[in-house]
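The structure appears right after this line, and notes come after that.
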Amino acid sequence: MSSGAQRRLLADLRELERQPLPMVSARIPRAIQKARAFSCHTCPHVPGCPWPPVVTKLEINQLPKKEADIIREELDVLGIDISLIWNNRKNEPSEINTNLDLLSYTAYSVDSVRQTVMGDAFTHWLPLCNEGRFRPEMAFETLAKLCNTMVVNVMAERTHASLKALSGYCAFQRLILHFARQYPSLVKAANSMVDMFVENESYRTKEVVKALGEFLPLLTITEKSWKDIALAYLYESFDRNVRWMLQKFPMLATTQPDPIVDEKRCALTFESSIVSLRLLLFHVYFLENVGRPEGMSLEDIAQGYDAMYGMPSAKMKESLQEACKQIQQVASWDEYFARIGVKAPTRDELTEWLRQSVANSARKGYHDPRKYSRYLTEKYGEDECELVDGQTRPRR
1 MSSGAQRRLL ADLRELERQP LPMVSARIPR AIQKARAFSC HTCPHVPGCP WPPVVTKLEI
61 NQLPKKEADI IREELDVLGI DISLIWNNRK NEPSEINTNL DLLSYTAYSV DSVRQTVMGD
121 AFTHWLPLCN EGRFRPEMAF ETLAKLCNTM VVNVMAERTH ASLKALSGYC AFQRLILHFA
181 RQYPSLVKAA NSMVDMFVEN ESYRTKEVVK ALGEFLPLLT ITEKSWKDIA LAYLYESFDR
241 NVRWMLQKFP MLATTQPDPI VDEKRCALTF ESSIVSLRLL LFHVYFLENV GRPEGMSLED
301 IAQGYDAMYG MPSAKMKESL QEACKQIQQV ASWDEYFARI GVKAPTRDEL TEWLRQSVAN
361 SARKGYHDPR KYSRYLTEKY GEDECELVDG QTRPRR
């Protein structure tokens, strides 16, 4: 409303106050009639159709459901603001306050929001937990990823990094034991998953077990140990390594006996898979020496962690340093099998195993055999090759 219109309205009101009440009452019906006939020139606002619409009682009652629907939609993690006041003398928080403003993790971490809607500053963010939306398996999956990451970090040949990763592994392993005790269903599910992994090849594929390194921490709470699953694990691991092996040595794509290729198959496979092989050596070391030593119950392991405040002992650190040196020096299949506690196959048996892994990889869709058909055709000649089950192979 313009200043001129405001002045006219005030003048009309003052004039209205001076008029006798009967005269004012007589004008009311006409005022109501004019109000009903009002139409706004800038929006669809008329008495029968307010703009924006007036919220009805029914719509008000439906608001909690709409809020619940919005919260259930998986767009971001919701949490609340936390204002932490630290007591430096006692080295502990003296106050923890919150305005209970809902805030997404993206807003806190990416957009750096540090004020509530009322302008109050806060320091931290606390995610909200909804028992219906969060499953115990989520915690285990996260911790398994962290344990796998710690093992990968140990492969860095720096002593400090290795010891730091060992500390992380112990801390995460202690949390896994805590969740296993709090949620027995986790242990039951882990046992079932490991049993199926061993008994049925279809439960080892990438569709079921996305990352083998994240599968191994299951063994820290299950009835089966590494020795019980070793062969099943190796079969699947060798199948998954084929894709990367063929990128470096495409000649190994043939699945038929070939004296020239088979002469080099074991050595070239070892060379191209050394990172994966060493990673498993570290995993087995951690399982057998830290995560689930033979003869120790879950309760014994948890008590050992608690006695050291979740940190590795001096003996663990010394043992890890020695293991790192030995694992980095492994340079043959015999050494590899010895360190993981599996009887080493003969050269011919290993050659057949590795050749079969190439066929398994193609069957499972881990690599596309057609990419290597050209290489085999050029090597043996088009007339000397044949197509068998979608794969180009040298004729026998």
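The opening position of the sequence shown corresponds to residue 1 in UniProt numbering, with each subsequent residue numbered one higher.
Glycine included, each C-beta is placed from N, C-alpha and C at the ideal position.
If you're wondering where the values come from, they're calculated on a predicted model, not measured in any experiment.
query                                                                                                                              : result
Met155 and Gly168 closer than 7 angstroms at C-beta                                                                                : no
Selected residue, minimal CA-CA separation from Asn148, among Leu84, Leu218, Tyr203                                                : Leu218
Cutoff 8 angstroms; reference Glu294; Cβ partners in own chain excluding five residues on either side                              : Ser225, Glu288
Sequence-distant residues of the same chain with beta carbon closer than 7 angstroms to Ser273, five excluded per side             : Asn241, Met245
Cβ-Cβ separation, Asn99 to Asp120 (assumed contact under 8 angstroms), whole Å                                                     : 6 angstroms
Cut-off 6 angstroms between Cβ atoms - residues of its own chain near Leu146, not counting five sequence neighbours on either side : Phe172
Buried versus exposed call for Ile327 [16 or more other C-beta atoms within 10 Å across all chains shown]                          : buried
Beta-carbon gap between Ile85 and His124 smaller than 7 angstroms                                                                  : no
Helix, strand or coil at Glu207 according to DSSP, with G and I counted as helix                                                   : coil
Backbone secondary structure at Ser272 - three-state DSSP                                                                          : helix
Spatial distance of Pro93 from Lys315 (CA atoms)                                                                                   : 35 angstroms
DSSP beta-bridge partners of Leu78                                                                                                 : Ser104
Pro250 and Tyr108 closer than 7 angstroms at C-beta                                                                                : no
CB-CB length for Leu166 against Ala302, believed under 8 angstroms                                                                 : Leu166 to Ala302, Cβ: 17 angstroms. No contact.
Residues sharing a beta bridge with Glu95, DSSP                                                                                    : Ile85
Among Asn97, Pro369, Ala37, Ser361, the one whose alpha carbon lies nearest that of Tyr235                                         : Ser361
According to DSSP, residues forming a beta bridge with Pro127                                                                      : Gly79
Beta carbon of Val284 nearer than 7 angstroms to that of Ile340                                                                    : yes
Bounding residues of the alpha helix (DSSP H) (the contiguous stretch that carries Ser192)                                         : 184 to 199
Alpha carbon of Ala11 to alpha carbon of Glu17, nearest angstrom                                                                   : 10 angstroms
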